[in-house]
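Notes to accompany the following structure.
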Amino acid sequence: MAAASRGRALLSRLFQSSLNPSPKCPALTIYSRNFSADPLPDYESESGDGANRIIEAKSGVMAPDSRRTGAIGIKCGMTALWDKWGERIPITVLWLDDNAVTQVKTVEKEGFFALQVGAGQKKEKHLTKPELGHFRAMGVPLKRKLKEFPVTEDALLPVGTPISVRHFLPGQYVDVTAISRGKGFQGGMKRWGFKGMPASHGASLSHRSIGSTGQRDAPGRVFKGKKMPGRMGGEQTTVKNVWIYKIEPARNLMWVKGQVPGPEGSFVFIKDACYKKPDKSLLPFPTFFIPDGEETEKLEPILADLGDNDPFMAGD
Numbered sequence: 001m002a003a004a005s006r007g008r009a010l011l012s013r014l015f016q017s018s019l020n021p022s023p024k025c026p027a028l029t030i031y032s033r034n035f036s037a038d039p040l041p042d043y044e045s046e047s048g049d050g051a052n053r054i055i056e057a058k059s060g061v062m063a064p065d066s067r068r069t070g071a072i073g074i075k076c077g078m079t080a081l082w083d084k085w086g087e088r089i090p091i092t093v094l095w096l097d098d099n100a101v102t103q104v105k106t107v108e109k110e111g112f113f114a115l116q117v118g119a120g121q122k123k124e125k126h127l128t129k130p131e132l133g134h135f136r137a138m139g140v141p142l143k144r145k146l147k148e149f150p151v152t153e154d155a156l157l158p159v160g161t162p163i164s165v166r167h168f169l170p171g172q173y174v175d176v177t178a179i180s181r182g183k184g185f186q187g188g189m190k191r192w193g194f195k196g197m198p199a200s201h202g203a204s205l206s207h208r209s210i211g212s213t214g215q216r217d218a219p220g221r222v223f224k225g226k227k228m229p230g231r232m233g234g235e236q237t238t239v240k241n242v243w244i245y246k247i248e249p250a251r252n253l254m255w256v257k258g259q260v261p262g263p264e265g266s267f268v269f270i271k272d273a274c275y276k277k278p279d280k281s282l283l284p285f286p287t288f289f290i291p292d293g294e295e296t297e298k299l300e301p302i303l304a305d306l307g308d309n310d311p312f313m314a315g316d
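Start counting the sequence shown at 1; every next residue gets the next number (full-length UniProt numbering).
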């Protein structure tokens, strides 16, 4: 009975506030308008921007706080290259398959600035009806993979703008995010790097055991989060500060140093590094626009300058 009375009192206060809205609580004023026939105020038109924002595909100057969009790549596999000093460099090859902007999100409509990028191609019969309606509404080709990248207002691009491998530069650092390779159920030594039990005397059939997991009578249980055997891999993982060794614009290929998460053929998401930031005066902003009349097939691979005058490694 007491709970019901408190509920009735709360409803009565809300009803009175909707009839006589208080200036101290403007949120109740907005909710109270839902019970009337008057339309809601047009906040977009009052802000001055509204839906009349014009986004142009033109190069600009990157500010210190600017944030560019990323790209979607496909992991082709690993190989090895040798630099001019004879050092062997492990290389992962990434392919940027027909990246293009499929949607622009702004503060006026979604509450934030972001670009949705699509990659690859997909047949209409392999898409769901909501996905098909989204591509038709945006007027873009059917894409196989979509990914949203937060950007700043000055880095917005119109729908349909291609994102090529020349969006990045050789020598810069990027962060690569993907779903790691699933390894199934693994023990504590493989999953967490435990040392294991003694391998000679004093251990019987427990050489790879994780050992004791609990305490004595107090607390008399195993704490949550204890590192134990279980499912390993198959999670979203980000490898930071991956160095771009070379790019090939003709085939939209990118060679990066080291490993990236995921098996061959999986999608990876590439964006500018968060910690080892590149020189913003050298990056194409908001992206690289292909000049009119340029033939992509004749472009040669662009290698990173491994000398001492590398502008991207000057700040390390």
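Virtual Cβ for every residue (Gly too), placed ideally from N, Cα, C. Note that the coordinates shown come from a computational prediction; the quantities given were computed from them, not determined experimentally.
Measure the C-alpha to C-alpha separation of glutamine 103 and glutamate 110 and round it to an integer number of angstroms.
Here residue 103 refers to the residue found at position 103 when the sequence shown is read from its first residue. Here residue 110 refers to the residue found at position 110 when the sequence shown is read from its first residue. Looking at the two C-alpha atoms, the distance is approximately 12 Å.
In terms of residue numbering, what span does the beta strand (DSSP E) encompassing lysine 271 cover?
Here residue 271 refers to the residue found at position 271 when the sequence shown is read from its first residue. Per DSSP, lysine 271 belongs to the beta strand (DSSP E) from 267–272.
For valine 151 and alanine 273, which I take to be in contact (beta-carbon distance under 8 Å), what is that distance rounded to the nearest angstrom?
Position 151 of the sequence shown, counted from the first residue, corresponds to residue 151. Position 273 of the sequence shown, counted from the first residue, corresponds to residue 273. The pair is not a contact, with the Cβ atoms about 16 Å apart (cut-off 8 Å).
What is the rounded straight-line gap between the Cα of glycine 50 and the Cα of glycine 133?
Residue 50 sits at position 50 when you count from the first residue of the sequence shown. Residue 133 sits at position 133 when you count from the first residue of the sequence shown. Model confidence at glycine 50 stands at a pLDDT of 43, short of 50, so the residue's coordinates are unreliable and nothing is read from them.
So the candidates are Gly120, Gln116, Arg88 and Ser59; which of them puts its Cα closest to the Cα of isoleucine 74?
Residue numbering aside, residue 74 sits at position 74 when the sequence shown is read from its first letter. Nearest of Gly120, Gln116, Arg88 and Ser59 to isoleucine 74, Cα basis: Gly120.
What would DSSP say about phenylalanine 35, mapped onto helix, strand or coil?
Position 35 of the sequence shown, counted from the start, is the residue given in the question as residue 35. Note on phenylalanine 35: pLDDT 38, under 50, position unreliable in the model; the coordinate value appears next. Note: phenylalanine 35 maps to helix in three-state DSSP.
Could you have a look at aspartate 154 and say whether DSSP puts it in helix, strand or coil?
Working through the sequence shown from its first residue, we reach residue 154 at position 154. Residue state, collapsed to three classes: helix.
Below 8 Å on the Cβ atoms is my contact criterion, and I expect glutamine 236 with threonine 177 to pass it. Report the Cβ-Cβ distance as a whole number of Å.
Along the sequence shown, one-based indexing puts residue 236 at 236. Along the sequence shown, one-based indexing puts residue 177 at 177. About 7 Å separates the two Cβ atoms, so the contact holds.
Under three-state DSSP, which class holds phenylalanine 288?
Position 288 of the sequence shown, counted from the first residue, corresponds to residue 288. Phenylalanine 288: coil per DSSP, three-state reduction.
Output the residue ranges of the alpha helix (DSSP H) runs that lie fully inside the region 80–144 and measure 4 residues or longer, sorted by chain position.
129–138
Element boundaries [beta strand (DSSP E), containing glycine 230]:
Against the sequence shown, residue 230 aligns to sequence position 230. Note, glycine 230: beta strand (DSSP E), 230–232.
Alpha-carbon spacing of cysteine 76 relative to glutamate 264, whole angstroms:
Translated into the one-based positions of the sequence shown, residue 76 becomes position 76. Translated into the one-based positions of the sequence shown, residue 264 becomes position 264. Taking the straight line from one Cα to the other gives about 5 Å.
From Thr69, Asp98 and Val268, pick the residue whose C-alpha is nearest to that of aspartate 154; which is it?
Stepping through the sequence shown from its first residue, residue 154 is reached at position 154. Aspartate 154 has its Cα closest to that of Thr69, out of Thr69, Asp98 and Val268.
Is DSSP giving arginine 166 helix, strand or coil here?
In the sequence shown, the residue the question calls residue 166 occupies position 166. Arginine 166 falls in the helix class under three-state DSSP.
Nearest neighbour of glycine 230, chosen from Lys183, Phe149, Asn252 and Ser206 [CA to CA]
The count along the sequence shown starts at 1 and reaches residue 230 at position 230. Ranking Lys183, Phe149, Asn252 and Ser206 by Cα distance to glycine 230 puts Lys183 first.
Between the region 232–252 and the region 158–173, do at least 3 Cβ pairs fall closer than 8 Å?
yes
Just verifying my parser: in three-state terms, what is the DSSP assignment at arginine 68?
The residue you call residue 68 lines up with position 68 of the sequence shown. Arginine 68 falls in the coil class under three-state DSSP.
So, for valine 222: in the same chain, excluding its five sequence neighbours on each side, which residues have a beta-carbon less than 8 Å away from its beta-carbon?
Translated into the one-based positions of the sequence shown, residue 222 becomes position 222. Taken in chain order, the residues that qualify are Thr213 and Gly214.
When we look at the beta-carbon of isoleucine 72 and count the other beta-carbons within 10 Å, is it buried (16 or more) or exposed?
Here residue 72 is taken as the residue at index 72 of the sequence shown, counted from 1. Burial of isoleucine 72 is indicated by the presence of at least 16 other C-beta atoms within 10 angstroms of its C-beta.
DSSP three-state label for glycine 73, please.
Within the sequence shown, the letter at position 73 stands for residue 73. Reduced to three states, the DSSP call for glycine 73 is strand.
Here's the rule I'm using: 16 or more other beta-carbon atoms within 10 Å means buried, otherwise exposed. How should threonine 79 be labelled?
Here residue 79 refers to the residue found at position 79 of the sequence shown. Exposed.
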